[in-house]
Amino acid sequence: MGGYTADEKLRLQQLRALRRRWLRDQELSEREPVLPERRLGPVAAFWERFLQPGGLWRQKVFSAYQSSGFFFVRVLIPAWLLHYYVKYHVSKKPYGITMSNPAIFPVSPFILVPPSSFVKQWQRKDGFRSRGWCSSCAGRISGRRQLMLTRQLILEQHCTVGTVFV
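Each residue of the sequence shown is one higher than the one before, counting from 0 in numbering that gives the first Met the number 0.
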């Protein structure tokens, strides 16, 4: 006994017909695909109109883009490279092209110095109490906060100009 039975042959024939119909359905007609209408927002609508060929505005923007690209690639990048090379490889001392802060000397008019009575008051814990601070906090004030409070007290007591007090 060889071959398929009648039921198996009928089943295979129906499967072939079904596959053939499915493949035929996969072919698109001239009317397909049917896409929904695109609704553009204001920005997308602007770019859709802007990117249409022609138009004076588009030509001017493109020429500005080309010239700025030329400037960036042919002028700015080489200038940066030249500056880097001169700064770090040609100059006699390392970091030769730098700017320093202006010097502040001990007799500078910008430095405030408290009177000696203030220094004594600051060193005592009751100096904190007289200013409204609790004495238990005196040892726990951070250095930055202490410096700020010191400057505030100096300005309150109309201190003189002279040497540095830290």
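Virtual Cβ for every residue (Gly too), placed ideally from N, Cα, C. Values in this document were obtained by computation on a predicted structure and should not be read as measured data.
The three-state reading of DSSP puts L9 in helix, counting H, G and I together.
The continuous stretches of alpha helix (DSSP H) do not include L39, and DSSP gives it neither H nor E.
Rounded to whole angstroms, R15 and G1 show a C-alpha spacing of 21 Å. Separation of E47 and F61 (C-alpha to C-alpha, rounded to the nearest whole angstrom) is 16 Å. P77 carries a helical assignment under DSSP once its states are collapsed to helix, strand and coil. Annotation for A63: the continuous alpha helix (DSSP H) segment containing it runs 55-70.
Between R57 and F49, the beta carbon gap of about 6 Å places them in contact (Cβ cut-off 8 Å). Distance from the CA atom of A78 to the CA atom of K91, rounded to whole angstroms, is 20 Å.
For the pair S66 and Q51, the Cα-to-Cα distance works out to about 21 Å.
Here the alpha carbon of V74 sits roughly 29 Å from the alpha carbon of S99.
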